[in-house]
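>
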Amino acid sequence: MPDTASRPGRLEQDALRLRVIGDWTLPHYARLRDAVAGVHAESVDLERLGELDTSGAALLVDLLGPDTVRDVAQWAPNLPAERQALLRAVADASRTPLSAPLGPDKGLLAALAALGQIVEQLARQQLQLIAFIGLTLSTLLATLATPRRWRITSLVAHVQQTGLNAIPIVALLTFLVGAVVAFLGATVLREFGATIYTVNLVTYSFLREFGVLLAAILLAGRTASAFTAQIGSMKANEEIDALRAQGLDPIELLVLPRVLAMTISLPILALIGMLSGMLGGALVCALALDIPPNQFLAILQRDIPLRHFLVGMIKAPLFAFLVAVIGCLEGFKAKASAQSVGEHTTSSVVQSIFMVILLDALAALFFMEMGW
Amino acid sequence: MNQRGEAIVEIRGLVNRFGQHVVHDGLDLDIRRGEILGVVGGSGTGKSVLLRSIVGLKRPDGGTIRVFGEELQRLPSAQRARVERRFGVLFQRGALFSSLNLQENVALPLIEHAGLSQADAERLARVKLALAGLPPGAARLNPAELSGGMIKRAALARALALDPEVLFLDEPTAGLDPIGAAAFDRLLLTLRDALGFSVFLVTHDLDTLYSSCDRVAVIANKRILVADSLPVVEDTDDPWIRDYFHGPRGRAASQAARHHSSPNGEER
């Protein structure tokens, strides 16, 4: 073999034959491909070939066609045996035509079709959600009758994860929002000389809306995503199939403890949210408006009926149930890839926050019409 | 072409431990250029840990590992990446990137390391997939849609993407049916002869040992008991080796190999 100090590969046409010269290797691939493009040869001279790897061999196959390369022993008998074997292997691999990539459809029709698909998908998603809620409720009823099937350990563990561990962040967040609402009230009401009503603003908003809403949104981000990722990766690992194959019900084992734990946790967190929000408001009232805490408490006791608290609390279990069910359902929908688990986790957070806010708006409308 | 037979990986006095549990203690082993080295040992004797130490996924607790004459752990990261590019690794469960289809899986190292354009890389990737014995239609499938045998082949194609000089295979035939496993063994031999790489092969498959390995290393008692050609290893006086090679399965595989007289047997 001639001297093979690293030389970029090239093609050279002399009087008699096409010569293949230098290293036909991966680093030179892009340039060599341009050189090979459009050239077709019956045979080449490989005497001055340097290094050769699979990418170079693939280019030679492009140049000569797989059948010619397959017979390399006949036209290049001096080539070392392992080179011949490499060329033959790549020629065999390239013999079956490689499928052409499918171009994406373009145009108005394709856009309309995509829109239609999205709408249908959304409708299906809601249908699936309703079906899954039904399945969960019917499993719950069946399980209630037989205490032996209550998963107390799992339930308590989930209450700790979703409820107890979320207390600090819920308390901090509602405290800050309470302070902000009080500041807003103070600023707006000062112009009317009615800053004392800041107390009513803070307590009304937290008892009726913000306490439960903020807690629910936090749990949607914190726990619904966790449920989706847990169940999604179990599904990717075929654990759900393993449960089913053993005659165990994944709804009963995985979904019920999570849904029940959420339904227990969220009302408690909502209560903590209300208290902590009002504490934030009271602090601002005391520091910025000269309304001492005992006066704040007196107004709270005198002016705010209990029904506002009940209106807020009654929403908590409903939100909790929806958030947990959406989180679990999205987990079951995930496929066996990292990307799919990620997509469904995103989708579960977006859906559950959307549902919580939508329901809250509807509930506000309803309670207002009822005069509660 | 470099001299066949020179050691390209030299392991001297390797120590690996997890907490109190010592896995390797003073382990010595060479991988020579162009050979297929089979590594066997009971479950939990640290075959996979040895593989992970060589490719740099686990930092050894003692001893040296020289790869192409350089100690990987001491190199600055850029130089280290250049050495690691000369490795191909096939993980036990394939470890294909689940969010990419097969040709994208193989094209990724070509785009990242060789700087090819997406179209060039995917074209080359399809050649590699075909080399690994996959049908052309498989190029756009996702890993989740594949059978166990196809996953192994696709993972082999990805390991071969950059034309590595050493290929590390962790139980490549585990979970394959006997026909698929035999086809994989043949494929490995064909590719080794064509591409000239060395292979470090962790396996439990006796048929693979008899049909494709040039040398076999046995791990026991935290070090390499023996590393030599199969006949020598078979005759080593050690209870574990006797049970392994002269048990019912070992005898069957040995007879089958003699019957077919593997192309490799005569070569050495």
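Here the protein sequences come in this chain order: X and H. Yeah, the first sequence ends on 396 if you go by my numbering, and it's all consecutive. Yeah, the second sequence ends on 270 if you go by my numbering, and it's all consecutive. Virtual Cβ for every residue (Gly too), placed ideally from N, Cα, C. On a predicted model such as this, the values are computed, not experimentally measured, just so you know.
#1: Near E268(H), which residues of its chain fall below 6 Å by C-beta distance, leaving aside the five closest residues on each side in sequence?
#2: Assuming S200(H) contacts R34(H) under a Cβ cut-off of 8 Å, what Cβ separation, rounded to an integer in Å, is found between them?
#3: Can you tell which of G117(H), E8(H), L39(H), L189(H) has its C-alpha closest to the C-alpha of A113(X)?
#4: Taking only beta-carbon atoms, is T78(X) less than 8 Å away from chain H?
#5: Using 8 Å as the cut-off, can you tell me whether the region 177 to 192 of chain H makes contact with the region 98 to 117 of chain H, which would need three or more C-beta pairs spanning the two stretches below that distance?
#6: Grab me the residues of E12(H)'s own chain with a C-beta within less than 6 Å of its C-beta, minus the 5 sequence neighbours each way, in chain order.
#7: Going along chain H, which residues have a C-beta under 7 Å from K359(X)?
#8: Note down, in chain order, every chain X residue with its Cβ under 9 Å from the Cβ of T192(H).
#9: For L280(X) versus L267(X), is the C-beta distance shorter than 8 Å?
#10: Taking the beta carbon of A294(X) as the centre, do at least 16 other beta carbons fall within 10 Å, making it buried, or is it exposed?
#11: Determine the extent of the alpha helix (DSSP H) in which E124(H) is found, giving its start and end residues.
#12: Given this structure, state the Cα-to-Cα distance separating D216(H) from D95(X), to the nearest angstrom.
#13: Leaving out five residues on either side along the sequence, give the residues of the same chain with a beta carbon under 7 Å from the beta carbon of D77(X).
#14: Whose C-beta lies closer than 7 Å to the C-beta of A161(H) among residues of the same chain, with five residues either side of it excluded?
#15: Taking buried to mean at least 16 other C-beta atoms within 10 Å of its own C-beta, is F199(X) buried or exposed?
#16: Is it right to say N18(H) is buried, meaning 16 or more other beta carbons lie within 10 angstroms of its own, or is it exposed?
#17: DSSP three-state label for L165(X), please.
#18: Does K130(H) have its Cβ less than 8 Å from a Cβ in chain X?
#19: Report the three-state DSSP secondary structure of M152(H) (helix, strand or coil).
#20: Can you tell me whether F170(H) is helix, strand or coil according to DSSP?
#21: For A157(H), which of T210(H), G96(H), D172(H) has the nearest alpha-carbon?
#22: Excluding the 5 residues preceding and the 5 following G395(X) in the sequence, name in chain order all residues of the same chain whose CB lies nearer than 8 Å to its CB.
#23: According to a CB-to-CB cut-off of less than 7 Å, which residues of the region 169 to 187 of chain H neighbour chain X?
#24: For V335(X), which three-state DSSP category applies?
#25: Helix, strand or coil for S231(H) per DSSP?
#26: Classify W48(X) as helix, strand or coil using the three-state DSSP reduction.
#27: Can you check whether the C-beta of S101(H) is within less than 8 Å of a C-beta belonging to chain X?
#28: For P51(X) and chain H, any beta-carbon pair shorter than 8 Å?
#29: Assign F234(X) to one of three DSSP states: helix, strand, or coil.
#30: Only counting the same chain, and skipping five residues up and downstream in sequence, which positions put a Cβ closer than 6 Å to that of A109(H)?
#31: Tell me the rounded alpha-carbon separation between A100(X) and L70(X).
#32: If you run the structure through DSSP and keep just helix, strand and coil, what is S50(H)?
#33: Under three-state DSSP, which class holds I241(X)?
#34: Can you find at least 3 beta carbon pairs, one from the region 358 to 371 of chain X and one from the region 283 to 302 of chain X, that sit closer than 8 Å?
#35: Compile a chain-ordered list of the residues in the region 194 to 219 of chain H whose CB is closer than 8 Å to at least one CB of chain B.
#36: Going by CA-CA distance only, name the one from L225(X), S257(X), T369(X) that's closest to M298(X).
The answer reads as follows:
#1: By one-based count along the second sequence, residue 268(H) stands at place 266. Confidence at E268(H) is low in this model, with a pLDDT of 42, below 50, so its placement is unreliable and the value that follows should be read with caution. Excluding residues within five positions, none has a Cβ falling inside 6 Å.
#2: Locating residue 200(H) in the second sequence gives position 198, where the first residue counts as 1. Locating residue 34(H) in the second sequence gives position 32, where the first residue counts as 1. The Cβ separation is near 7 Å, so the contact holds.
#3: On the first sequence, residue 113(X) is found 89 positions in, with the first residue counted as 1. Nearest option by C-alpha distance: L189(H).
#4: If you number the first sequence from 1, residue 78(X) lands on position 54. Taking Cβ atoms only, chain H reaches closer than 8 Å to T78(X), which makes this a yes.
#5: The region 177 to 192 of chain H, when compared against the region 98 to 117 of chain H, does not touch it at the 8 Å Cβ threshold.
#6: Residue 12(H) sits at position 10 when you count from the first residue of the second sequence. So the list reads D32, R68, once near-sequence residues are dropped.
#7: Taking the first residue of the first sequence as position 1, residue 359(X) is located at position 335. A146, listed in chain order.
#8: Working through the second sequence from its first residue, we reach residue 192(H) at position 190. Those are A109, A113, listed as they occur along chain X.
#9: The count along the first sequence starts at 1 and reaches residue 280(X) at position 256. The count along the first sequence starts at 1 and reaches residue 267(X) at position 243. Result no, Cβ atoms of L280(X) and L267(X) do not sit closer than 8 Å.
#10: Here residue 294(X) refers to the residue found at position 270 when the first sequence is read from its first residue. Classification of A294(X): buried, given that the 10 Å Cβ count is 16 or more.
#11: Residue numbering aside, residue 124(H) sits at position 122 when the second sequence is read from its first letter. That run of the alpha helix (DSSP H) goes 120 to 133.
#12: Within the second sequence, residue 216(H) is the residue found at index 214, counting from 1. Within the first sequence, residue 95(X) is the residue found at index 71, counting from 1. Rounded to whole angstroms, D216(H) to D95(X) spans 29 Å at the Cα level.
#13: Here residue 77(X) corresponds to residue number 53 of the first sequence, with the count starting at 1. Only T49, L50 meet the Cβ criterion.
#14: What you label residue 161(H) is simply residue 159 of the second sequence in a count that begins at 1. Contacts found: G90, V91, L92, L169.
#15: Position 175 of the first sequence holds residue 199(X). Answer is buried; the Cβ neighbour count reaches 16.
#16: The sequence position of residue 18(H) within the second sequence is 16, counting from 1. So N18(H) ends up on the buried side.
#17: The residue given as residue 165(X) occupies position 141 in the first sequence. In this structure, L165(X) counts as helix in the three-state DSSP scheme.
#18: Within the second sequence, numbered from 1, the residue matching residue 130(H) stands at position 128. Yes, K130(H) counts as interfacial toward chain X.
#19: Start at 1 with the first residue of the second sequence, and residue 152(H) comes out as number 150. Residue state, collapsed to three classes: helix.
#20: Here the question's residue 170(H) lines up with position 168 in the second sequence. DSSP places F170(H) in strand when its eight states are reduced to three.
#21: For the purposes of this step, residue 157(H) is taken as residue 155 along the second sequence, with counting starting at 1. Cα-wise, what sits closest to A157(H) is G96(H).
#22: Along the first sequence, one-based indexing puts residue 395(X) at 371. Once the five neighbours on either side are set aside, G395(X) has no close Cβ partner at all.
#23: none
#24: Counting from 1 along the first sequence, the entry for residue 335(X) is found at position 311. V335(X) carries a helical assignment under DSSP once its states are collapsed to helix, strand and coil.
#25: Locating residue 231(H) in the second sequence gives position 229, counting from the first residue. S231(H) falls in the coil class under three-state DSSP.
#26: Walking along the first sequence from the start, residue 48(X) turns up at place 24. The answer is strand: DSSP assigns W48(X) an E or B state.
#27: As a first step, residue 101(H) must be located in the second sequence, where it is residue number 99. So, interface residue.
#28: Indexing the first sequence from 1 puts residue 51(X) at position 27. Yes, P51(X) counts as interfacial toward chain H.
#29: Translated into the one-based positions of the first sequence, residue 234(X) becomes position 210. In this structure, F234(X) counts as helix in the three-state DSSP scheme.
#30: Against the second sequence, residue 109(H) aligns to sequence position 107. Excluding sequence neighbours, A109(H) sits near A123, E124, A127.
#31: What you label residue 100(X) is simply residue 76 of the first sequence in a count that begins at 1. What you label residue 70(X) is simply residue 46 of the first sequence in a count that begins at 1. In a straight line, the C-alpha of A100(X) is about 7 Å away from that of L70(X).
#32: The residue you call residue 50(H) lines up with position 48 of the second sequence. Residue state, collapsed to three classes: helix.
#33: Counting from 1 along the first sequence, the entry for residue 241(X) is found at position 217. Reduced to three states, the DSSP call for I241(X) is helix.
#34: No: fewer than three Cβ pairs fall under 8 Å.
#35: The structure shown contains no chain B; its protein chains are X and H.
#36: Reading the first sequence from its first residue, position 274 is the one you call residue 298(X). Comparing Cα positions, the closest option is L225(X).
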